[in-house]
Every structure is written in C-alpha cells, then in structure tokens.
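>
Protein chains in written order, with our numbering: chain H, 26 to 494; chain P, 26 to 494.
1) Alpha helix (DSSP H) containing residue 416 of chain H: first to last residue?
2) What are the start and end residues of the beta strand (DSSP E) that includes residue 90 of chain H?
3) Residue 390 of chain P: buried (16+ other C-beta within 10 angstroms of its C-beta) or exposed?
4) Apart from the five residues just before and just after residue 423 of chain H, which ones in its own chain have a Cβ nearer than 7 Å to its Cβ?
5) Tell me where the beta strand (DSSP E) around residue 392 of chain H begins and ends.
6) Quick one: Cα of residue 259 of chain P to Cα of residue 293 of chain H, how far?
7) Taking residue 310 of chain H as the reference, give the member of P:261, P:255, P:345 and P:308 with the closest Cα.
8) Let me confirm a value: residue 141 of chain P is counted as buried when at least 16 other C-beta atoms fall within 10 Å, else exposed. Which label applies?
9) In three-state DSSP terms, what is residue 336 of chain H?
10) Could you check what DSSP says for residue 26 of chain P in three-state terms: helix, strand or coil?
11) With DSSP as the reference, label residue 115 of chain H as helix, strand or coil.
12) Using 8 Å as the cut-off, can you tell me whether the segment 400-410 of chain P makes contact with the segment 196-205 of chain P, which would need three or more C-beta pairs spanning the two stretches below that distance?
13) If the cut-off is 8 Å on Cβ atoms, which residues from the segment 353-385 of chain H count as contacting chain P, listed in chain order?
14) Please give me, in chain order, every unbroken run of the alpha helix (DSSP H) with length at least 4 that falls completely inside the segment 428-464 of chain P.
15) Is the segment 450-463 of chain H touching the segment 215-234 of chain H, taking contact as three or more C-beta pairs under 8 Å?
16) Between the segment 369-377 of chain P and the segment 265-285 of chain P, can you find at least three pairs of beta-carbon atoms closer than 8 Å?
17) Does residue 462 of chain H get closer than 8 Å to chain P when you measure Cβ to Cβ?
18) Can you check which of these residues, H:44, H:165 and H:175, is closest to residue 112 of chain H by C-alpha distance?
19) Grab the span of the beta strand (DSSP E) containing residue 183 of chain P for me, first residue to last.
20) For residue 446 of chain H, would you say it is in contact with chain P, using Cβ-to-Cβ distances shorter than 8 Å as the test?
21) Would you list, in chain order, the members of the segment 282-309 of chain H that have their beta-carbon closer than 8 Å to a beta-carbon of chain P?
22) Among residues of its own chain, excluding the 5 on either side of residue 484 of chain H, which ones have a beta-carbon nearer than 6 Å to its beta-carbon?
23) Taking residue 250 of chain P as the query, report the chain H residues whose CB atoms sit under 8 Å from its CB, ordered along the chain.
24) What's the gap between the Cα of residue 124 of chain P and the Cα of residue 58 of chain P?
25) Would you tell me roughly how many angstroms separate the C-alpha atoms of residue 211 of chain H and residue 321 of chain H, rounded to the nearest one?
26) Which residues in chain P sit within 8 Å of residue 335 of chain H, going by Cβ to Cβ distance?
27) Where does residue 245 of chain P sit, in a helix, a strand or coil, going by DSSP?
28) Across which residues does DSSP place residue 467 of chain H in a beta bridge pair?
29) I'd like the ranges of any beta strand (DSSP E) spanning at least 3 consecutive residues and lying wholly in the segment 42-103 of chain H.
30) Going by C-alpha to C-alpha distance, which of P:155, P:183, P:188 and P:491 sits closest to residue 98 of chain P?
31) For residue 26 of chain H and chain P, any beta-carbon pair shorter than 8 Å?
32) Count the CB pairs spanning the segment 225-244 of chain P and the segment 346-354 of chain H that are closer than 8 Å, and state whether there are at least three.
33) Could you have a look at residue 31 of chain H and say whether DSSP puts it in helix, strand or coil?
34) For residue 356 of chain H, which option in H:441, H:186, H:383 and H:265 has the closest C-alpha, if you only look at C-alpha atoms?
35) How would you label residue 399 of chain P, buried or exposed, when you count the other beta carbons within 10 angstroms and need 16 or more for buried?
36) Would you verify that the beta carbon of residue 123 of chain H is, or is not, closer than 8 Å to some beta carbon of chain C?
This is the structure we're talking about:
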C-alpha cells in the first residue's frame with residue numbers, strides 16, 4: 026500500500042518547509058475575526074488570500090463561496106483516476122478574537138517563530154491545520170510523480186466557525202452537489218499529545234436551551250410575602266437539582282434512550298492512553314473529578330451524554346442584599362449528546378420534563394437554539410483505518426484513538442453529505458485554542474503535511490480494495 | 026378610663042385638620058431620600074424641618090441627633106405627673122427613592138390631595154405616620170385641659186430606615202439613657218384594611234447571607250470538560266433545593282429549635298380576619314399560594330420562619346448561549362425569623378449546613394450581613410391592650426390583631442431599651458409603600474391622630490393600675 030516512498034515525501038517537505046511557513050505567516054497576519062464586525066473585511070481578505078493560494082498550490086478550481094454572513098472558500102482538484110473516491114476536507118479560516126492586552130506576549134497577528142513553535146492567533150485553530158493540506162497534496166504529487174491527486178480532492182473552508190457557523194448548514198445544503206464526497210476529513214481537532222499521536226473518532230452533539238420560570242408579576246417583598254408564594258429562583262434551583270440523580274446520571278426521562286454504548290474494545294483503547302487525572306484536573310482548572318458513576322473521566326467527557334448548567338440567574342445579584350422574591354429566574358442548559366441521540370428528540374424530552382417538574386403557580390418558557398448532532402466513526406471503518414495508517418507512517422509509531430467532548434459543524438457534513446466524517450488534527454492541548462499566545466508545534470504541522478501526503482494514496486487504495494470485493 | 030371626652034378630641038382635630046395637612050405637605054415636599062447621596066442635604070433639611078415643627082407643637086426639647094450617616098430627630102415632652110410612664114415613639118423621616126418616570130401620575134414630591142387621598146412619596150411611609158403624633162398630642166392636651174402629656178413622651182425619628190438603618194443600633198446605644206422608655210410605640214406599620222382596623226403585635230427578624238461556590242478557577246469549556254468536573258452552578262442549585270423539605274419546611278438542621286409557636290388563641294384571632302386568598306394573591310402578584318404544610322397563608326407570612334432566595338446567579342446569563350462550566354455561582358438568601366430565633370444562632374446553623382452540603386471539589390464562602398432580631402408582644406400585654414383600646418375608640422369598632430412579615434429596627438429598640446414594642450400604624454395595603462403613587466388615606470391619618478389623643482391617657486392609667494397592685 027506504499028505507493029508513496031516516505032523518504033521522498035520527507036525530502037520534499039524539508040525543501041519546502043521555509044516557503045510553507047512564510048506563506049502561512051502571511052495568512053496569519055490577516056486578522057480574520059468573524060465575531061467582530063469591524064473585521065468583516067479581514068475575513069473576506071482571508072478567504073480571497075486562501076483561494077489565491079490554493080490556485081497557486083495547483084487546485085484547478087479555488088473560489089470564494091458567499092454566504093449570508095462571512096465567505097467560505099471552496100477548492101477542487103479532480104483525480105486523474107475517474108474511479109477514485111471523492112474526499113472533502115473541512116476547516117475554517119476565521120479565528121477567535123485576540124488582543125495584545127489579553128495576555129499575549131507578542132502581537133497575536135504578527136506571527137513569531139520561537140524554536141519549534143509558531144505563535145499567532147489561528148496558528149493551530151485553524152489556519153495551520155487547513156494549510157498543511159496545501160503542502161501535503163504537493164508532496165503527494167511530487168513523491169508519486171502524479172499530476173493530479175489519487176483522490177478527487179475538495180476543500181471547504183468556512184469563515185464563521187468561531188461564531189458558531191450560523192450559515193454553514195445553509196451553505197452546504199446550497200452546494201450539496203458540488204461538495205458531495207465519499208468521505209469527509211475534518212482538520213479542526215487535536216491529538217492526545219506530542220508523544221501520543223491519536224485520531225479522533227467522533228464528537229458529541231449539542232443541544233442548548235434556556236428555561237425561564239415566572240413567579241410573581243414583579244419582584245415582591247420577601248418579608249411581606251416570603252414563605253407563602255412560590256419563588257421562581259427556588260424553583261429553578263429545584264429544577265436544576267432534579268437534572269441529575271444520585272449517580273450523576275441525567276434524570277430526564279428518555280434521555281439515554283437509544284444511545285450507542287461504548288464498546289469494550291473502545292474502552293480498552295481509551296484506557297491505553299497515558300491519562301493523568303491530576304494533570305487533567307489542572308488543565309480543567311478544577312479541584313475534583315465528578316461525573317456519571319461507572320465511567321472514567323475520559324469516557325465521561327468523550328462518550329457519555331451530559332447536562333450542564335452554563336448559566337443561572339434570577340433576582341438580585343449585586344453587592345449587599347435586597348429582600349425580594351424575584352419575579353423570574355432562568356437557567357441555561359447545554360446537553361452534550363452521543364451517537365443515537367438527537368437534538369430534536371432531546372428537546373421534546375426536556376420540554377415534557379420541565380412541564381412535569383415545575384410546580385403550580387410558576388409559569389415557564391423553554392427556548393431551544395438549533396442543535397448539533399453527534400457524529401461517530403466506528404473503529405472498524407476502512408477510511409478510519411486509512412487515516413490511522415497514514416498518520417502512523419508520518420509519526421512512525423502506533424496511533425491511538427480519542428473522541429472530542431465538544432461539538433462541531435462536522436455533524437452537518439455527515440448529515441447533508443451522508444458520508445463518514447474522519448478527523449485529522451495535529452494540534453496538541455498546549456496549543457492554546459481561544460487563549461492568549463496560541464501556537465502550533467512546527468514539527469507536528471509538518472507531520473500533518475506528511476500524513477496527507479500518504480493519505481490520499483492510501484484512501485484511494487482502500488476504496489479500490491473495498492470495491493474489488 | 027375615659028379621661029378624654031371623645032367629642033372634644035374630634036372637634037379639636039376637625040378644627041386643625043387643614044393646617045395639619047398643609048404642614049405635612051410642606052414636609053413631604055422635602056425629598057429626603059436616604060439611599061441617594063445627592064439627597065443627603067434634603068435628608069438633613071427634613072430633620073431640621075421636623076425638629077422645628079416639634080418645637081412648634083410644644084415639645085420643650087426637639088433637636089437633630091447626628092449619626093455617622095443621616096441625622097435623626099429626638100424630641101421629649103415630660104409629663105406633669107412625675108410618676109407617669111415614659112413612652113418612646115419611633116418613626117423615620119427618610120423616604121424611598123421616587124421619580125416621575127417610575128409611573129407616578131404626579132410629581133412624587135409635590136403632594137396632591139384627591140378626595141380622601143394625599144399622594145406623595147412618604148405620605149404613608151413614614152412621614153404621615155410620624156406626623157399624626159404632632160396633632161395627636163395637642164388634641165390630647167386640648168381635650169383634657171392638660172399642659173403636658175399624661176406620659177413622658179419621647180420621639181425618635183431616624184433618617185436611614187429606607188437604607189437599612191445602618192447606624193440606628195449605634196445611635197440608640199449612644200443615647201440609651203436619653204431615649205430610655207417603659208414602652209416603645211412604633212408608627213411605621215399598617216392595618217389590615219380601612220374596614221378592619223388592627224394592631225400589629227410583632228415583626229419577623231431577618232438574617233441575610235450570600236453563599237458563593239467556586240468550581241474551576243475560570244470558566245471552562247462545557248464540551249471539553251462537561252460531565253467530568255463539579256459545576257458550581259449545579260451545586261448552588263442543589264444547595265437551594267436542599268433548603269426546604271417536601272413539606273416546604275426549612276431543612277437546615279436546628280432551624281426551628283426554640284421557636285415560640287403560635288398559640289391557638291392567636292391562630293383563632295388571625296382566622297377572624299376577613300382574609301381573601303384570591304385577593305391576597307393579586308396583591309402578591311403571584312399565581313399560587315405555596316408554603317409550609319399545616320399553616321395558613323397568614324400564619325406563614327406572619328408567624329413562621331422562612332428561607333427565601335433573593336437572588337441566584339452564575340455563568341452566562343446574556344442573550345443566546347455560551348457553552349461553559351462557570352467558575353463560580355452565588356445565591357443570596359434571606360431568612361425571616363420568629364420569636365425564639367436569633368440571627369447569630371441561625372448564622373452558625375447555616376454555616377454548618379453549607380459546609381455539610383457542598384460536595385468535594387467546590388470551595389464555598391458564606392457572608393452574613395448584620396441581622397435583625399424578631400419581636401413579638403404577647404396578646405395579653407397591658408400596654409398592647411391600651412393601644413387596642415385607644416384605637417377602638419377612634420375607629421369605633423373592635424380591633425383585631427396582625428403581625429408583620431417584614432423586619433425592622435423595632436427589634437433593636439426592644440433589645441437596647443428592654444422595653445415592650447407596640448405597633449400603631451394606620452396605613453393600609455393599598456397605600457403603595459416603596460411604589461409609585463404612594464398615598465395615605467386622610468381619614469385614617471386623622472384616626473391615627475385621634476388614637477394617640479386617647480392613648481397617652483389610657484397608657485398612664487394602665488401604668489397606674491399595674492403599679493397599684
């Protein structure tokens with residue numbers, strides 16, 4: 026299956042390393058902050074820059090795709106083998122806000138190389154990880170002597186991921202035929218660590234709601250009325266307290282119905298990861314582990330659904346005291362979902378549970394935002410094996426498996442394209458996504474390049490093998 | 026016991042009604058809002074105005090008493106009978122904030138008479154109720170032909186009640202000898218209704234605290250960490266949910282220890298009041314009654330201790346959603362206490378309960394503000410009977426008994442002076458304390474005048490009778 030000689034790939038990458046980093050730095054200088062309206066022009070400039078760069082890379086098609094919000098970039102490079110599978114790479118070119126005064130040691134939009142580290146906003150999330158695909162496909166061609174990739178290669182790089190991808194679903198539905206693929210490669214995740222390269226096999230889904238409870242029509246005096254009317258702040262607390270049972274399982278009826286349980290094989294693979302709970306707690310800035318009985322911390326964050334309070338509020342929260350029974354109180358909940366769960370079904374379950382739980386004398390409203398479905402690639406999926414194999418060649422060591430506790434637009438691609446989603450990310454936890462002094466490890470970035478240089482040939486072969494049966 | 030002929034009192038009051046209302050209006054024009062620093066000058070002006078007015082009324086002593094905050098007024102008129110008891114009247118001359126744009130139909134500080142109603146901020150709470158003592162003592166003298174009151178009469182009118190009386194305890198401790206009294210008459214409460222005149226026999230005490238729970242050292246991502254670390258917003262909710270048992274009784278160990286239970290006699294008297302729960306719920310702007318099992322609504326608000334959430338907060342409360350586990354969450358609780366309870370003992374109980382309830386991995390802080398003790402005058406106290414008798418003559422109907430659910434500085438007077446506290450208030454629930462368009466019913470105000478015109482003679486007689494035994 027080694028169509029590509031590894032040494033040729035490595036030589037090619039070393040020869041182009043400097044130019045690759047220079048080009049990436051140029052892109053990182055564009056402050057494409059999608060959340061800040063005054064950077065809208067920069068987000069567009071970032072899209073245009075990338076489209077031009079992809080043309081230069083060799084993609085016959087590379088263009089800016091408009092949305093109702095910030096523009097995306099689409100590129101396509103058909104294989105010279107018409108029977109080859111089609112792969113869509115997903116990433117994003119917008120970045121989180123960043124300002125020197127947030128604690129950056131250097132200007133977040135003036136990339137700085139320090140040893141093996143390239144510091145800049147977007148270095149890891151996600152410009153660096155989109156960009157390794159450019160040198161990767163060229164290394165693939167150079168080392169194999171091809172003039173076109175072994176797969177039909179497509180790239181879709183959105184510009185609103187850091188703003189919650191508000192137009193992504195619309196975008197992919199509008200261009201469904203054009204972006205159609207046999208597999209999706211998402212390069213917007215990370216690995217376990219520098220020493221332990223991993224492939225992520227799924228992300229949790231997400232459903233978010235706000236529950237507002239209304240008691241008295243206005244704040245009323247807690248002396249005159251206290252003890253004799255329902256208090257919406259007390260009731261919102263009772264609702265939250267009823268959210269979990271004594272085993273820290275979510276107590277909403279039907280919550281766990283139909284979920285895909287962790288297999289023993291996957292639990293065993295998770296257990297192979299060098300997990301240090303004390304260290305993880307430091308990363309979590311937390312002072313204790315707590316979660317569903319019968320599961321490890323990794324299983325809890327990757328493979329078990331959750332209900333978390335993101336915010337709670339009602340009544341007087343300022344300095345000192347105010348002796349009122351508040352008129353209303355609210356709680357914002359987010360639910361992380363695993364395969365087999367569905368945001369719409371969850372919404373129904375939550376609405377029924379709230380209606381059953383809130384006592385007489387309290388009105389309630391429940392508002393859900395659009396949800397994100399979970400996605401999961403089974404460990405025995407041939408394309409997943411291809412990714413792990415290509416990564417194994419680049420890293421020269423066995424690849425383990427993780428999942429992501431978070432949620433992303435990958436699920437939309439899975440749904441709209443009806444294609445398996447695979448994750449290829451080389452970022453490590455210390456890269457500081459969304460934080461000051463974001464960086465990417467340059468050697469890992471080049472491992473990303475190398476992995477894709479092997480991946481397209483491997484995937485094409487896997488495809489041929491599968492269709493030969 | 027009718028030293029004072031009722032008709033003489035009524036004639037005197039009718040003859041002085043116009044001047045009395047004019048004077049009151051002049052006082053109401055001074056916006057003595059203690060909570061707003063830019064009205065500090067007005068609060069002082071209000072004190073000076075009152076001291077001058079009390080001199081004019083005939084008090085040999087009437088002066089402004091300084092505190093570390095806003096000034097109070099003290100006045101004293103010794104009886105011509107050196108054996109007479111000493112009575113201290115308490116009220117306050119500061120008012121709640123008020124602005125036309127809050128929903129006032131007229132300028133809150135430009136008194137307007139509409140039929141039987143005098144509208145202005147402070148008309149009922151509390152300038153009107155302090156002021157009826159001026160015409161009252163003059164009617165007492167005029168109708169009895171005395172030159173000095175039948176009791177040693179003292180007035181203490183504070184200027185910070187609407188700001189929580191922060192210096193009141195200091196004030197009365199500093200002037201303990203000077204304000205010493207055999208009984209305290211508090212004129213800062215209300216009656217059941219215009220048709221059902223009542224005397225209040227007690228107020229609940231108050232203890233207030235803020236409990237803050239600390240989880241992660243900063244907000245953390247609910248996708249990356251959700252389900253595996255304790256969430257302080259969830260835990261603050263669980264704490265609040267644990268505050269009451271399924272009978273809506275406060276579940277803090279020791280909470281009910283030593284409380285003075287309602288007697289059957291007082292429950293029977295409460296039950297005589299024409300209580301309309303539907304109507305009460307409308308006043309409470311609430312959509313259901315809810316409280317401790319085994320007690321009526323009136324018993325719950327007057328005679329049972331409570332724990333209420335005044336505010337709860339943590340994490341993200343803005344529009345939309347934010348997928349975090351918040352770093353901290355807080356709840357502000359207020360406890361209403363009844364006779365036999367004590368804010369200091371409660372504080373200990375709450376601290377122990379919080380420490381026992383909050384789980385590992387969550388740090389907590391508990392902060393109490395200075396508490397207010399409950400006060401209660403037994404129904405068979407001779408001075409209480411005097412007040413009820415004087416009111417009965419003024420209103421020409423039997424007087425029933427209530428309590429106040431709220432809390433006030435009366436408890437400090439009870440503690441520092443070691444004297445029984447009696448409540449003489451003529452305000453009715455529709456007067457709109459702290460609300461826009463506050464008013465007082467003029468005929469009730471004059472009943473207040475009339476009551477005090479009878480009261481001093483009655484109390485002096487009661488005192489003589491008690492000491493004759």
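The beta-carbon is built from N, C-alpha and C at its ideal position, and this holds for glycine as well.
Since this is a predicted model, take the numbers as computed values, not measurements.
From the atom records:
1) Position 391 of the first chain holds residue 416 of chain H. Per DSSP, residue 416 of chain H belongs to the alpha helix (DSSP H) from 407-420.
2) Reading the first chain from its first residue, position 65 is the one you call residue 90 of chain H. Note, residue 90 of chain H: beta strand (DSSP E), 86-90.
3) Locating residue 390 of chain P in the second chain gives position 365, counting from the first residue. Residue 390 of chain P is exposed by the Cβ-count criterion.
4) Counting from 1 along the first chain, the entry for residue 423 of chain H is found at position 398. Counting only Cβ-Cβ distances below 7 Å, and skipping sequence neighbours, we find 417.
5) Translated into positions along the first chain, residue 392 of chain H becomes position 367. DSSP places residue 392 of chain H in the uninterrupted beta strand (DSSP E) bounded by 388-393.
6) Taking the second chain and counting its residues from 1, one reaches residue 259 of chain P at position 234. Taking the first chain and counting its residues from 1, one reaches residue 293 of chain H at position 268. Cα-Cα distance, rounded: 31 Å.
7) Against the first chain, residue 310 of chain H aligns to sequence position 285. Closest option to residue 310 of chain H, Cα to Cα, is P:255.
8) Along the second chain, one-based indexing puts residue 141 of chain P at 116. Around the Cβ of residue 141 of chain P, a 10 Å sphere holds fewer than 16 other Cβ atoms; the residue is exposed.
9) Within the first chain, residue 336 of chain H is the residue found at index 311, counting from 1. Here residue 336 of chain H sits in strand by DSSP.
10) As a working note, residue 26 of chain P is residue 1 in the second chain. Here residue 26 of chain P scores only 45 on pLDDT, less than 50, and its place in the model is too uncertain to base an answer on.
11) Your numbering for residue 115 of chain H matches position 90 in the first chain. Strand, per DSSP.
12) Contact fails: fewer than three Cβ-Cβ distances are below 8 Å.
13) From the segment 353-385 of chain H, only 354, 355, 356, 357, 359, 361, 384 and 385 have a Cβ closer than 8 Å to chain P.
14) Entirely contained in the segment 428-464 of chain P, the alpha helix (DSSP H) runs reaching 4 residues are, in chain order, 435-442.
15) yes
16) yes
17) If you number the first chain from 1, residue 462 of chain H lands on position 437. No - not a single Cβ of chain P is within 8 Å of the one on residue 462 of chain H.
18) Here residue 112 of chain H corresponds to residue number 87 of the first chain, with the count starting at 1. Looking at the Cα atoms, H:175 is the closest of the given residues.
19) Translated into the one-based positions of the second chain, residue 183 of chain P becomes position 158. Per DSSP, the continuous beta strand (DSSP E) segment holding residue 183 of chain P begins and ends at 177-183.
20) Position 421 of the first chain holds residue 446 of chain H. No, residue 446 of chain H does not count as interfacial toward chain P.
21) 306 and 309
22) To locate residue 484 of chain H, count along the first chain from 1; it is residue 459. If we look at residue 484 of chain H and ignore the five residues flanking it on each side, its Cβ neighbours are 176 and 411.
23) Here the question's residue 250 of chain P lines up with position 225 in the second chain. Those are 309, 311, 326 and 430, listed as they occur along chain H.
24) Taking the second chain and counting its residues from 1, the one referred to as residue 124 of chain P is at position 99. Taking the second chain and counting its residues from 1, the one referred to as residue 58 of chain P is at position 33. C-alpha separation (whole angstroms): 11 Å.
25) Looking up residue 211 of chain H in the first chain gives position 186. Looking up residue 321 of chain H in the first chain gives position 296. When rounded, the distance between both Cα atoms is 27 Å.
26) If you number the first chain from 1, residue 335 of chain H lands on position 310. 247, 258, 340, 341, 346, 347, 348, 349, 350 and 351, listed in chain order.
27) Start at 1 with the first residue of the second chain, and residue 245 of chain P comes out as number 220. Three-state result, residue 245 of chain P: strand.
28) Reading the first chain from its first residue, position 442 is the one you call residue 467 of chain H. For residue 467 of chain H, no pairing in a beta bridge is given by DSSP.
29) Complete beta strand (DSSP E) runs here, min 3: 86-90 and 97-102.
30) Translated into positions along the second chain, residue 98 of chain P becomes position 73. Checking every option, the nearest Cα to that of residue 98 of chain P belongs to P:183.
31) Taking the first residue of the first chain as position 1, residue 26 of chain H is located at position 1. A caution first: residue 26 of chain H carries a pLDDT of 45, below 50, which makes its placement in the model too unreliable to give a value.
32) A contact is defined here as three or more CB-CB pairs under 8 Å, and the segment 225-244 of chain P meets this definition with respect to the segment 346-354 of chain H.
33) Counting from one through the first chain, the residue named residue 31 of chain H turns up at place 6. Helix, per DSSP.
34) Locating residue 356 of chain H in the first chain gives position 331, counting from the first residue. It is H:265 whose Cα lies nearest to the Cα of residue 356 of chain H.
35) For the purposes of this step, residue 399 of chain P is taken as the residue at position 374 of the second chain. Residue 399 of chain P is buried by the Cβ-count criterion.
36) Looking at the structure shown, chain C is missing, and the protein chains on hand are H and P.
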